[in-house]
Structure formats: C-alpha cells, structure tokens
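Data first, discussion second: the structure below is written as structure tokens.
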Amino acid sequence: MERTELEKIRLEKIEQMRSEGIDPYPLRSHVTHRNQEAITAFEAHEQSGNEEPLTATVAGRIRAMRLMGKVAFFHIEDGSGRIQLFFRVNEIGPEGLQVLKDLFDNGDYIEAQGTLFRTKTGEISVHVQSFRMLSKAVTPLPAAKDEVVDGQVVRHATLNDPETRYRQRYADLAVNPEVREIFRVRAKTIQAIRKFLDDMDFLEVETPILQPIYGGAAARPFVTFHNQLKQELFLRISFELYLKRLIVGGFDRVYEIGRDFRNEGVSYKHNPEFTQIEFYMAYADYHTVMEITEKMVSFVCDQILGTRILNFRGHTIDVNPPWRRLELRQGLIDVTGIDINEHSDSTSLEAAMKAKGYPFKPGSPRGKLIDTLIGDYLEPSLVQPTFLYDYPRDISPLAKSKPDDPGTVERFEGFIAGMELCNAFSELNDPLDQEQRFLEMGTDFTSDDEEQHPMDEDYLRAMSYGMPPMGGFGMGVDRLVMLLTNQQTIREVLLFPHLRKLEE
RNA sequence: GGGCGCGUAGCUCAAUGGUAGAGCAGUGGCCUUUUAAGCCAUUGGUUCAGGGUUCGAGUCCCUGCGCGCUCACCA
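Sequential numbering from 140 applies to the first sequence in the numbering used here.
Written out as structure tokens, the structure is:
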C-alpha cells in the first residue's frame, strides 16, 4: 500500500511504541462514562453540593491537541459528543507529557482516567491522572480546526470535495458532524414511520428482493442469475405485488420498508437503489390513504423537527393537514389549458400539445403524453403539499377504475417542493380486469419499452382467490429525508451513494 | 447518453504562457488553564493520466478517467 509522508511518520511512531512495550491497538477499553454522560454526571454532582471528587474513565478520538509546555489540552470525541482532557506534568510526569507529545496525534483513540472539574473558562474537563493509547491512526483525518462562535461550531477548511466525501464517507462522517446529523434524522424518520404504522396495527413484513418476475412499477430492472438453479432473477423495482398477495393471505394491514432497485439514470432525486415504504390497507380507498399520508408526514415532522413547517430550497412548506387536493384534469387545464377529457386518444392529445407547442415523444400512448405534461408543467408548480388525483388508466395498470369513468383510475401522487413524494391508489382487485390490464400493457407499449409491465400469472391467481378492496401507498423515504434535512441531492441522504468505479 | 464546468501539497484554496505558493495539518524548538491557543523555524508537489503546440505549459489544443451542474431518461 502506498503511504504518504504523513503516514510514514505515524508508522514510525507505531514502531517506537512497540519497541517501548506500548500496545498501539490494545484489545479492550474500560470506560465508565460516555463523554456526554460524564458531563451530565458532573453537572448533577455540582448541583448536589458534594465536595468529593468525581472520577471517570472516558475515551474517544482525539480531535484537537493543544500542547503548552508543562500542560496540555485535548478534545476527544465519541458517539455522544466531545469532552476536554486536561493534562498536567504534576499528575502524569515529564515522561507522560513526552509520550503525549511524541506518540499521540489527532485522530488517535485515547482512554483517559481522572477527576472531573471545570477549567478557568468554565468548560467541564477531565483532569487526567492516567491515559493510554486505544488505537493509533495511520492516516490523518482531513480535518482542519473548529472554532466556537456564539455556541456554533465553525469548521475551517474541512473536507469539502463531494467525490472524496462520498467515496470516503467514513472520513466525511468523522470530520463533518452535520453529515452525521443527517443520518440520525434519517434513522429517526424510519423509526417514526414504523411507529405510526405499528400504532395503526399494521404488520411489518419482508418480501423477496430477488424476484423471478418484477413488477409493481414502471421501471427497468437489474438482472442477475442464480447459478445452481440456473435461473434469471430480477432485483425488485417495488414491493407491491408481494404485499398485495399478503392481503389475500389475510393480513389486513401490511407494510414494508426496504430497498428498491431501478436500472435508470441517476439525478439529484434518483439513485439506482433507494428506500421505499409501501403499505396496503384492506377496506380502505385512496381517500383514506390521503388522510393517512398527511397524518403520517405530519407525525414524522412532529417527532423529528417539532414543527410542521419545513424550509426547503428557499421554500417555506406547511405539511399540516389537510393537503391541497387537485384533480389531475383540472391541474392540467390550469397550467397547460388542455382538458384531457376532450382528448380521449393519443392522436387527439398529440395534436392539442403540438398546437400549444409542448414537446412530446411522437407515438406515445395517451397516458404517457399526460405524464409528460404532468412532469414538465404541473409537478414543478406543486410546492406546497398537494395530492394530484385521478390518473389515466393506461399508465396505472394496478389501480381501480372510477365507476363512472372507466378510462380514469383512483390514483393519487403526493407532491412537495415540486418533487414527487408518494404514489397511491385504490387497488385493483378484480382478477379479470387485472388480466386485461396486463394484456393491454403488452399491446399498448412496444416490446422494447422499458416500462412494459410483465404478466404475472401467480399474482392473478392470488387475486382470483379473492382480494378485499384496499388502499395502497408507496413513498420514497430518501426524498422525505431530503425535505426534512433541507438537502438538495439524494446523495447527501444516502450513506454510500452510487459512484462510478475508479480505474485502479 | 448530450452540453457546460472542474481536477494544483494530507485538507481548503492561490498562481497574465515565464522560478508552483498560502493557511491549516506535519516536523523541530519555547510555553503550567488553553479552546481556530500563541511565538520561532522548517519539511512536503509526476499540478488526474497520456499525447500535442511552444524557446518555455498548472495555464493553450486533443484523447481518456473521475466529479459537479444541466438536459434527456426516470409512474
């Protein structure tokens, strides 16, 4: 392995430690407090008026070293936070100070035992009696220095290059606390969703990621192969068809939180693998699901932010229920002047779009044209939370038609900040209609169309056993986390976003 | 995949086509309550890779690689 000059110096220090009988990587640590616990314990100790010294053994990564001749101040950091160590020649001796100076570096892990006290400036610190190396770092962290201004930590010249940050996320996380915070919010978001659904008596389940037939969404799959079974398999593009099989099985309310894989382009809101939450609820319809959606997002905001007002890309977004309900047809009339009900086939709609100068892909089915209009003109305008509802049947093969309008299905998508957040419908439960839809997908879309939904005979059989009316829902968790953390790109809310492979 | 931009020390960034620099980090020294500690000294470069133009290239041109933005794609 290539080593830099800085690394070689540290490797020499490891050699020196070994020659002096100091283990640079001891097996165990014996902490009594996490850093924040030590601080809290000392505050309580002060309050109690107890004059006895309070001792603690703490540990963490060295984040700042200030050696000042016969004293030294370190800041160490563990998962709970930072605490200051105060070393004095009086306690650790000149040899101890020499070891600190010669063998310890920023980034090393140290264990220190001593009594808690406040320094002249009032900072709770450990007056170190003894210390030892817990783990010697060979590669220096890319950190610079932190300055505290009015209680806010200001980092100077810290790791900033996005490529390095994503490729070496460990280093990014180690030196950029606000990045760690994003992933704490992410974890809490998923916890909150889980609690919300558990409290409604939903059952959390896990369904196959490797699937012989993919479906439930319009997307191109990743393909893989099982060697022993000699079987082509697809990584799932949605959970939908398996979750609805479970409703047939008698679980009234099920949900899954997990990874979907779509073999498509990457963008600020698309990653090849992303986290989805889907739930299915028997005896509900898409109106019920709209209400659950706005309540769930509000609940998540309450739990994480303590407010239902989000700041995102300069917008102030209010997620309080009820969200605006906008009929797709009306929404398109508003922004494009085209009434899709006046254009019952693709030829007519193409003509109308051409007359208005709207771009489109010639020969697209009617539903795809409508989808183009939504994406280009309607979606960007939906900043405040909005349910866009009643979609064309031909781009919604798993949703139930409206009784009085067979060309339209009971489906909605939720938009926030001009971004699609979720998708839901009153689920199609008529096996004969479903079979017809699958067949239509085979004729309306050309065979090379990546969005063609494959026939799933087993799913039809499940539905044939009898499927209750139900509402279903899917939401991109990454996008919700983007909203909650005001991040402009999905890569910032993924620990290890997909990057191109580097040539070695 | 197309267009535009970027790639310089460990990190953050400079450098009219004319000697590759600064701050921090590192190294050596001074310093017994500091907190971006301070002061003095000092090391560190295949300027992403490869080719070309030129007396001379970090800088201009071409190719490749990677990243960013954007368009296309993406219910």
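For each residue, glycine too, the CB sits at the ideal point set by N, CA and C.
Checklist entry - Taking the Cβ atom as the reference point for each residue, do residue 609 and residue 566 lie within a distance shorter than 7 Å? => result yes
Next item on the list: From the DSSP output, in three-state form, read off residue 138 for me.
Entry: What the structure shows of the chain is the stretch from 140 to 643, and residue 138 is not part of that stretch, so it cannot be assessed.
Q.
One question on the structure: do residue 276 and residue 235 come within less than 7 Å of each other, judged by their Cβ atoms?
A. The Cβ atoms of residue 276 and residue 235 lie no closer than 7 Å to each other.
- Task: Write down the C-beta distance between residue 116 and residue 384 rounded to the nearest angstrom, noting that I regard them as a contact closer than 8 Å.
- Result: Because the chain here runs from 140 to 643, residue 116 falls outside it and cannot be looked at.
_Quick check on the DSSP output: the alpha helix (DSSP H) that includes residue 532 runs from which residue to which?_
Unbroken run through residue 532: none, as it is neither H nor E.
- prompt: Secondary structure at residue 550, three-state DSSP: helix, strand or coil?
  reply: strand
| request: Taking residue 368 as part of the alpha helix (DSSP H), name the residues at either end of that continuous run. | output: From DSSP, residue 368 is part of no alpha helix (DSSP H); its letter is neither H nor E.
Subject >> Terminal residues of the beta strand (DSSP E) in which residue 701 lies >> reply: Any property of residue 701 remains undetermined from this structure, which presents the chain solely from 140 to 643.
| said: Are the CB atoms of residue 211 and residue 242 within a distance shorter than 7 Å? | reply: no
Checklist entry - Three-state secondary structure (DSSP) at residue 431? => result helix
| Applying the criterion that 16 or more other CB atoms from any shown protein chain within 10 Å of the CB defines a buried residue, is residue 377 buried or exposed? | A residue is called buried when at least 16 other Cβ atoms come within 10 angstroms of its Cβ; residue 377 meets this threshold and is buried.
Residue 331 versus residue 342 - alpha carbon distance: 15 Å
Q: Determine the contact status of residue 488 and residue 529, defining contact as a CB-CB distance below 7 Å.
A: no
* Alpha carbon of residue 183 to alpha carbon of residue 193, nearest angstrom -> Rounded to the nearest angstrom, the two C-alpha atoms are 11 Å apart.
Is residue 380 closer than 7 Å to residue 397 when the C-beta atoms are compared?
Not closer than 7 Å, so no.
Proximity to residue 636 [Cα-Cα], best of 419, 282, 308 and 480:
308
**Prompt:** What is the DSSP secondary structure of residue 211, reduced to helix, strand or coil?
**Reply:** strand
- Please name the residue, chosen from 339, 208, 431 and 202, that lies closest to residue 224 on a Cα-to-Cα basis. 202
CA-CA distance, residue 405 and residue 299? 21 Å
Ordered list of alpha helix (DSSP H) runs contained in the stretch 295–335, each at least 4 residues
301–306 and 308–314
Since residue 579 and residue 599 should fall inside the 8 Å C-beta cutoff, what is the C-beta to C-beta distance between them, to a whole number of angstroms? Not quite, the Cβ-Cβ distance comes to about 14 Å (not below 8 Å), so this is no contact.
*How about residue 603 and residue 570: do their beta carbons lie closer than 7 Å?*
yes
field: Option nearest residue 387 by Cα separation, candidates 607, 627 and 443
entry: 607
Does the distance from the CB of residue 410 to the CB of residue 360 come in under 7 Å?
no
- Pick from 492, 478, 231 and 219: whose alpha carbon is nearest that of residue 209? Considering only alpha carbons, the answer is 231.
Point to revise | Segment contact, 8 Å Cβ cut-off, at least three pairs: the stretch 503–515 with the stretch 478–493 | key: By the Cβ rule, the stretch 503–515 counts as touching the stretch 478–493, because three or more pairs are nearer than 8 Å.
Query - Where residue 402 falls: helix, strand or coil (DSSP) - result: coil
To the nearest whole angstrom, what separates the beta carbons of residue 415 and residue 616, a pair I think is in contact under 8 Å? Yes, they are in contact, since the Cβ atoms of residue 415 and residue 616 sit about 7 Å apart, within 8 Å.
Can you tell me whether residue 587 is buried or exposed, with buried defined as 16 or more other CB within 10 angstroms of its CB? Note that residue 587 scores a pLDDT of 47, beneath 50, so its modelled location is shaky and nothing firm can be said.
How long is the line joining the alpha carbons of residue 592 and residue 506, rounded to whole angstroms? 14 Å
Per DSSP, what kind of secondary structure is residue 340 in: helix, strand or coil?
coil
*Between the CA atoms of residue 469 and residue 431 - distance to the nearest angstrom*: 24 Å
Quick one: grab the DSSP three-state call for residue 232.
helix
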